[in-house]
Structures are given as structure tokens and as C-alpha cells.
Amino acid sequence: MSYDTDIYNALRHRLMTNGFEHGQKVRAEHLRIEFGCSASTIREVLFRLSTIGLVEFREQRGFRVPEQSRALIHELTHLRVLLEAEGTAMSIRRGGVAWEARLTAAHHQLSHLEMRLQSAQDTAPFIDLWFDAERQFHETLISACGSDALRDTHHQVYCRFRQQLMIEDRAFDFISENIRQHQQILDAAMAGDEALTRHKIHDHLARHLMADVEREPA
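In this note's numbering, the protein residues as written are 411 to 628.
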């Protein structure tokens, strides 16, 4: 793995987990000093991150973290439901025992962390671990779908979705429901029930869907 990729992954994680605030300017000069690299390297990484929507670039104004938007959260949630439901259904058909084993392992790791979070008074030590485990579980759901385009699109949507919720999700007040819902998704997928799996994925994400979405001004 190249150094550029290491910087990209580090900044992507930070942008998704409250390392930068919504609307904050991302200063390339500060990052160049932090990572000990050239300004061109940082700008290249930030442009790559802008292609998946984690930073916005404007001429003469540089890079900024997107503002939080309830309408955008709704749209990204809707896309996640569509992509994960279809991708998981395709994985059920194509994945076989190898996919089932990977999914079970990903769920075991996530479930263990969520159980710990449920009883923890201090959740700080678990935050980064949970973000990684939650992403891995949902990516594993669609990992055997056979479509690179679906997986790539899901990755972009997931990153933007997680960034939009990077502050409020750190309270983990949803964790008990998450434990139950992740188990239900796993059970439905392991049973090979595509319709039930689609339903459980929708239920899992439904709290982020608004019944009536008012478009926010551009």
C-alpha cells in the first residue's frame, strides 16, 4: 500500500468519524505538515475525497467538509436501502458457503462490540472500532453480489451517509435496536430469504427516513 493511500484512508476515516466538523475548512497546508508530505500530495488526496463527496472543492475557496442536511440524510438512506437490499439479495444467490462464513464473522465482531457499547459507561474506546466493524458488516452483506459498480456506488453512499451522522451517532442511543436489527438481517440472509432480508435492511435504516422531506435551499 502506497503512502498516498495511507493518507487517503486516514483522512477518509477522519472525515467520516467527526475528525472534522460539518462546514469546516480543510486546510491543505496544515495536513501537509501533519503528514510530512508535499502540498501536491495532499491536494491530490483531497480531490480524490471530493469525488466521493466527503469534501467539497470550490475555486478560490479551497476544500470544506459538507454541511449536515436532513434532506441529504434521507436521500442517502434511501439509496443505502436500495443498494444494500439488492446487493444482499444478489449475494444470497451467488455467495455460497464462503460468503456466509465471511458474513457470520463480520457480524460476530460487530455484535461483540455493540454488546460492549451497550453496557459501557465510557464509549470513547469503542468508537473507531465500531465505525470499522459496522462498515465491514454492511459491506460484507453485498460483497458477493458480483457487481463492482454496485459495490463502488454503495461505498460512496455509505461514506457520505456515515459522515452526515458522524456527530449524533457517537451517542450510541440506538445500540440496543442495532443489536436486534443486525441479528435479524443476518438470520434472514443465512436463511436465504431475499424478501425478508430486504425488509429487515429497510427496518434497520428506517429511522433516518423522513415521511415528508422538505427540500432545503441550495
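No residue lacks a Cβ here, since even glycine has one placed at the ideal position from N, Cα and C.
With distances taken from CA atoms, which of F582, H517 and E587 is nearest A534? F582
Thinking just about the alpha-carbon of each residue, which of M500, I443 and Q519 is nearest to the one in A554? M500
Alpha carbon to alpha carbon, how far is G505 from A601? 13 angstroms
Check whether the stretch 525-534 and the stretch 581-597 touch, using three or more Cβ-Cβ pairs below 8 angstroms as the test. yes
With a threshold of 16 other CB atoms inside 10 Å of the CB of V491, please say whether the residue is buried or exposed. Buried, by the Cβ-count rule.
By alpha-carbon positions, which one of L482, R480 and A420 ends up nearest to L456? A420
Kindly give me the distance between the Cβ atoms of P476 and H432, rounded to whole angstroms, as I take these residues to be in contact under 8 angstroms. 7 angstroms
DSSP state of R468 mapped onto helix, strand, coil: strand
Should L527 and W509 be called a contact, given that it needs their Cβ atoms to be closer than 8 angstroms? no
Might you give, ordered along the chain, the residues of its own chain that have their beta carbon closer than 8 angstroms to the beta carbon of Y568, omitting 5 neighbours on each side? R490, R545, H548 and E549
Taking only the alpha-carbon atoms, compute the straight-line gap between D597 and L493 and give it to the nearest angstrom. Near 19 angstroms, if we compare the C-alpha coordinates of L493 and D597.
Does the beta-carbon distance from G472 to K435 come in below 8 angstroms? Their beta carbons are under 8 angstroms apart, which means G472 touches K435 by this criterion.
According to DSSP, which residues form a beta bridge with R474? K435 and E466
With a threshold of 16 other CB atoms inside 10 Å of the CB of M620, please say whether the residue is buried or exposed. exposed
Among F571, D558 and L441, whose alpha-carbon lies nearest the alpha-carbon of H484? F571
With 16 as the cutoff for other CB atoms within 10 Å, does E469 come out buried or exposed? Answer is exposed; the Cβ neighbour count stays below 16.
Member of A559, L513 and G556 whose CA lies at the smallest distance from the CA of A543: L513
Could you name the residues of the same chain whose beta carbon sits closer than 6 angstroms to that of I417, not counting the 5 residues immediately before and after it, in chain order? F445 and V455
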